[in-house]
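Taking it in order: structure first as C-alpha cells, then the write-up.
Numbering (UniProt numbering), first residue to last: 1 to 109.
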C-alpha cells in the first residue's frame, strides 16, 4: 500500500519504492488513499482479508498519524530527518514491536 501519487508526479516516491517488490510478488500496490487520510488507510487495513502482512509505504511525516489511527495509543514520532526506518506493527496494530533500518549508506551515517 502506498499513498495516491499526484498526476504531476509528486508524492510518487512511496509507490516507486514498493512497486518493484509488488511486481516480483505478482501483487498490485493499493494507492487508494491520499497522503493525509489515515482514516482511509485504517479502512483498507481493516478490510484486508488475505493472509500475510501488509506493507504500508508512506511519506514519513504522515506515518505517526497512520499508526495512531490503526490503534497504537503510544505511537512514536517518526524522525523528521530519517527516510528509511521500518516499523513493525503486527495485528491488532496496537504496538510497534520493532524499529529497524535498511542501513543505507548516506542515510544512516
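Glycine included, C-beta positions come from ideal geometry on N, C-alpha and C.
Distance CB(residue i)-CB(residue j) smaller than 8 angstroms
i, j, result
"residue 104", "residue 84", "yes"
"residue 90", "residue 100", "no"
"residue 64", "residue 75", "yes"
Candidates the options: closest to residue i by CA position
i, options, result
"residue 13", "23, 35, 24", "35"
"residue 59", "11, 43, 106", "11"
"residue 124", "79, 45, 44", "Because the chain here runs from 1 to 109, residue 124 falls outside it and cannot be looked at."
"residue 81", "73, 72, 106", "106"
"residue 2", "102, 77, 54", "54"
"residue 102", "44, 37, 27, 17", "17"
Cα-Cα separation between residue i and residue j, rounded to whole angstroms
i, j, result
"residue 29", "residue 5", "12 angstroms"
"residue 23", "residue 50", "18 angstroms"
"residue 70", "residue 52", "17 angstroms"
"residue 95", "residue 67", "9 angstroms"
"residue 86", "residue 92", "18 angstroms"
"residue 27", "residue 37", "23 angstroms"
"residue 44", "residue 9", "23 angstroms"
Cutoff 6 angstroms; reference residue i; Cβ partners in own chain excluding five residues on either side
i, result
"residue 40", "33"
"residue 73", "none"
Whole-angstrom C-beta distance between residue j and residue i, which should lie under 8 angstroms
i, j, result
"residue 31", "residue 48", "Not a contact, Cβ separation roughly 15 angstroms."
Chain-order list of residues whose beta-carbon lies under 7 angstroms from that of residue i (same chain, five-residue window excluded)
i, result
"residue 19", "29"
"residue 42", "69, 70"
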